[in-house]
Amino acid sequence: MKRPKAIPVHYRILTGMVVGIVAGAIVQLAGVDPVIIASINQWVKPVGDVFLRLIFMMVIPLIFCALILGVGEFSDLRYLRRIGLRTLAYTISVSIVSVIIGITMVTVFKPGSGIPEASRQQMVSQYAEQMKSITESPVYNRERSIPDMIVSIVPRNPIEDMVNAFNPAYQGGGILAVMFFSLMIGIALISVKSEKAAAFKATIEGFYEVIMKVIAMVMDFAPFGVASLLFVLISTTGWDVMLALSKYVAVVIAALAIHQFGTYSLLLKVLGKKSPIEFFKQIDEVMLTAFSTSSSNATLPTALRAAQDKLKLPKRVSNFVLTVGSTTNQNGTALFEGITILFLAQCFNIDLTFGKQIMVIVISILAGVGTAGVPGGSLPVMAIILVSVGIPAEAIGIIIGVDRILDMCRTVLNVSGDLTAAVVISEWERKESE
Ligand code: ASP
Numbered sequence: 064m065k066r067p068k069a070i071p072v073h074y075r076i077l078t079g080m081v082v083g084i085v086a087g088a089i090v091q092l093a094g095v096d097p098v099i100i101a102s103i104n105q106w107v108k109p110v111g112d113v114f115l116r117l118i119f120m121m122v123i124p125l126i127f128c129a130l131i132l133g134v135g136e137f138s139d140l141r142y143l144r145r146i147g148l149r150t151l152a153y154t155i156s157v158s159i160v161s162v163i164i165g166i167t168m169v170t171v172f173k174p175g176s177g178i179p180e181a182s183r184q185q186m187v188s189q190y191a192e193q194m195k196s197i198t199e200s201p202v203y204n205r206e207r208s209i210p211d212m213i214v215s216i217v218p219r220n221p222i223e224d225m226v227n228a229f230n231p232a233y234q235g236g237g238i239l240a241v242m243f244f245s246l247m248i249g250i251a252l253i254s255v256k257s258e259k260a261a262a263f264k265a266t267i268e269g270f271y272e273v274i275m276k277v278i279a280m281v282m283d284f285a286p287f288g289v290a291s292l293l294f295v296l297i298s299t300t301g302w303d304v305m306l307a308l309s310k311y312v313a314v315v316i317a318a319l320a321i322h323q324f325g326t327y328s329l330l331l332k333v334l335g336k337k338s339p340i341e342f343f344k345q346i347d348e349v350m351l352t353a354f355s356t357s358s359s360n361a362t363l364p365t366a367l368r369a370a371q372d373k374l375k376l377p378k379r380v381s382n383f384v385l386t387v388g389s390t391t392n393q394n395g396t397a398l399f400e401g402i403t404i405l406f407l408a409q410c411f412n413i414d415l416t417f418g419k420q421i422m423v424i425v426i427s428i429l430a431g432v433g434t435a436g437v438p439g440g441s442l443p444v445m446a447i448i449l450v451s452v453g454i455p456a457e458a459i460g461i462i463i464g465v466d467r468i469l470d471m472c473r474t475v476l477n478v479s480g481d482l483t484a485a486v487v488i489s490e491w492e493r494k495e496s497e
């Protein structure tokens with residue numbers, strides 16, 4: 064008997080998403096008591112948590128293998144330097160475009176003027192508890208100076224950084240230090256031409272293949288995880304806050320959409336020589352994963368898989384660009400931070416001078432590089448920027464209620480941006496080798 068054809072994973076994830084959203088909305092609209100919702104969520108939430116943990120479980124081993132293999136595949140250090148510089152130049156230029164789009168939108172539509180003082184106060188006090196976790200985080204408190212942060216990227220003990228990679232209270236380099244360590248091993252591997260080094264590389268290759276298989280298995284569970292994550296989100300979102308901030312939410316989503324479908328399409332077509340429609344179809348599973356997990360790091364495994372199996376990009380380019388990009392190339396985050404800072408300035412009637420606006424642009428771009436690829440990773444960084452332009456950090460309380468939904472959308476942009484970069488840089492490399 065012929066086995067029925069399996070439903071493609073992106074359809075299954077989409078189904079999970081719809082089920083989660085519809086069920087969450089029904090619970091909200093039916094006016095179910097928040098205490099009952101909390102006790103339902105006590106059982107539903109672990110399903111999503113297990114899914115996230117299953118993915119995060121693979122991220123560090125994956126970064127380790129992908130970077131060693133990505134770099135180790137270059138026959139010469141010159142190629143690595145070229146790809147590194149190209150990735151850097153590309154990241155900075157495209158981030159500038161994204162922040163300019165965001166800042167133009169927020170200046171034209173002014174979503175911050177007209178929010179009544181009373182609702183502002185109410186939102187700030189309603190989210191005071193969550194605000195505490197942001198202002199108490201080591202990123203915000205800047206317990207490390209900038210030079211210290213740079214030094215911590217070079218790990219003293221890489222295992223310590225691996226262990227603490229997702230620990231928000233960790234003071235070391237974390238995931239960037241893990242990348243540094245893996246890059247060093249990869250670089251050394253290029254020049255060690257012994258049989259044993261080849262065996263080491265083959266082992267890492269084998270490990271990488273097995274990790275990919277684990278990820279494929281985990282993605283089979285994704286529809287349930289995604290349904291759970293979205294159910295919890297929708298059933299607990301305060302829609303009154305959403306309504307009060309609807310203009311701001313609309314401006315952020317519209318700006319993200321312009322960058323995603325405008326800038327990226329243009330880059331793909333002109334520089335990457337690839338049809339944007341085909342590209343977005345090929346990365347649908349990646350976008351769905353980014354949307355439901357709100358984490359670029361958690362989406363890295365799916366992105367690497369799509370680059371290899373669907374976009375058919377050369378492994379050495381995609382492994383390097385996607386892995387490094389999952390933490391450092393975050394156009395969605397940069398755009399979001401630019402909009403939100405100016406929005407909050409509008410809310411508090413603070414007139415930012417031209418110099419301060421330029422500062423917002425520059426810091427937002429840097430923030431895109433320095434933000435952890437985890438849910439809500441940009442909030443502590445944003446608190447720092449706010450204070451540096453003279454807005455109280457507590458102002459973030461205004462947007463916390465809608466942040467998760469915006470986080471889902473900006474993470475899609477962050478991850479699509481990494482894949483767009485991988486397509487463009489692969490094309491440049493292809494031309495170079497002709
Ligand atoms: N959640 C985002 C990401 O992982 C980071 C952020 O903007 O909060 O890409």
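Sequential numbering from 64 applies to the sequence shown in the working numbering.
Note that beta-carbon positions come from the ideal geometry of N, C-alpha and C, so glycine has one too.
None of these values were measured; they are calculated from a predicted model.
Next on the checklist: If I measure Cβ to Cβ from LEU331 and keep anything under 7 angstroms in the same chain, skipping five residues before and after, which residues do I get?
Outcome noted: LYS337, PRO339, PHE342, THR483 and VAL486
Checklist entry - Are the CB atoms of VAL289 and ASN360 nearer to each other than 9 angstroms? => result no
Next on the checklist: Any contact between the region 258–272 and the region 227–243? By contact I mean 3 or more CB pairs, one from each, below 8 angstroms.
Outcome noted: no
Next on the checklist: Please return the same chain residues whose Cβ sits closer than 7 angstroms to the Cβ of TRP491, not counting the five positions on each side in sequence.
Outcome noted: ARG149
Item to check | Presumed contact (8 angstroms Cβ cut-off) between ILE488 and VAL380, rounded CB distance | outcome: 6 angstroms
Checklist entry - What's the C-alpha gap between LEU415 and ALA408? => result 7 angstroms
Checklist entry - Rounded to the nearest angstrom, how far is the Cβ of ALA397 from that of SER158, given a contact under 8 angstroms? => result 5 angstroms
Checklist entry - Under the rule that 16 or more other beta-carbon atoms within 10 Å means buried, what is VAL333, buried or exposed? => result exposed
Next on the checklist: Please classify GLY493 as buried or exposed, where buried requires at least 16 other C-beta atoms within 10 Å of its C-beta.
Outcome noted: Position check: residue 493 holds Arg in this sequence, whereas Gly was assumed. By the neighbour-count rule (16 or more Cβ atoms within 10 Å), ARG493 is not buried but exposed.
Checklist entry - Would you say THR403 touches ligand 1, meaning its beta carbon is less than 8 angstroms from a heavy atom? => result no
Item to check | Buried or exposed by the 16-neighbour rule on C-beta atoms within 10 Å, applied to ASN412 | outcome: exposed
Checklist entry - What do you reckon, are the CB atoms on ILE166 and LEU363 nearer than 9 angstroms? => result no
Checklist entry - Does DSSP put ASN394 in a helix, in a strand, or in coil? => result helix
Item to check | PRO231 versus SER200: straight-line alpha-carbon distance, rounded | outcome: 7 angstroms
Item to check | Endpoints, alpha helix (DSSP H) assigned at GLU377 | outcome: Correcting the residue type first, residue 377 is Pro in the shown sequence and not Glu. Premise fails: PRO377 is in no alpha helix (DSSP H) and is neither H nor E.
Next on the checklist: Given the structure, does LEU319 come close to ligand 1, in the sense that its CB is under 8 angstroms from one of the ligand's heavy atoms?
Outcome noted: no
Next on the checklist: Taking 8 angstroms as the limit between beta carbons, can you name the residues of its chain near LEU77, skipping five residues before and five after?
Outcome noted: LEU351
Next on the checklist: Can you tell me whether THR326 is helix, strand or coil according to DSSP?
Outcome noted: helix
Item to check | Exercise answer, beta-carbon shell around ligand 1 heavy atoms below 6 angstroms | outcome: SER357, SER358, SER359, GLN393, THR396, THR434, GLY436, VAL437, PRO438, GLY439, GLY440, SER441, ASP470, ARG473, THR474 and ASN477
Next on the checklist: On the DSSP letters alone, give me the boundaries of the alpha helix (DSSP H) that LYS494 sits inside.
Outcome noted: 460–495
Item to check | Given GLY297 as reference, the closest of ILE468, HIS73 and SER102 once Cα atoms are compared | outcome: Position check: residue 297 holds Ile in this sequence, whereas Gly was assumed. Out of ILE468, HIS73 and SER102, ILE468 has the C-alpha closest to the C-alpha of ILE297.
Checklist entry - Leaving out the 5 sequence neighbours to the left and right, which residues in its chain are closer than 7 angstroms to SER389 when beta-carbon positions are compared? => result SER359, ASN360, LEU363, GLY436 and ASP481
Item to check | Among GLY135, GLY401 and ASN382, the one whose alpha carbon lies nearest that of LEU252 | outcome: GLY135
Checklist entry - Exposed or buried, which one is GLN345 when buried takes at least 16 other CB atoms within 10 Å? => result buried
Next on the checklist: Just to confirm the assignment, what range does the alpha helix (DSSP H) spanning ILE100 have?
Outcome noted: 97–135
Checklist entry - For the region 142–214, which segments carrying the alpha helix (DSSP H) assignment without a break, of at least 4 residues, lie completely within its bounds, in sequence order? => result 180–189, 191–198 and 201–204
Checklist entry - Among the residues of its own chain, which have a CB less than 8 angstroms from the CB of ILE454, if the five just before and after it don't count? => result ILE404, LEU407, ALA408, PHE411 and ILE413
Checklist entry - Leaving out the 5 sequence neighbours to the left and right, which residues in its chain are closer than 8 angstroms to SER138 when beta-carbon positions are compared? => result ILE253
Next on the checklist: Between VAL171, PRO286, ILE123 and SER188, which has its C-alpha nearest VAL113's C-alpha?
Outcome noted: PRO286
Next on the checklist: Can you tell me whether GLU348 is buried or exposed? The criterion is at least 16 other CB atoms within 10 Å of its CB, across all chains shown.
Outcome noted: buried
Next on the checklist: One question on the structure: do MET247 and ILE402 come within less than 9 angstroms of each other, judged by their Cβ atoms?
Outcome noted: no
Checklist entry - Going by Cα to Cα distance, which pick from LEU476, VAL432 and ALA446 is closest to ILE213? => result VAL432
Item to check | Same chain only: Cβ atoms within 6 angstroms of VAL475, ignoring 5 sequence neighbours per side | outcome: MET350, ALA353 and PHE354
Item to check | Rounded straight-line distance, which links the Cα of ILE424 to that of PHE417 | outcome: 11 angstroms
Next on the checklist: Which same chain residues end up closer than 7 angstroms to MET275 when comparing Cβ atoms and leaving out the 5 residues on each side of it in sequence?
Outcome noted: ARG368
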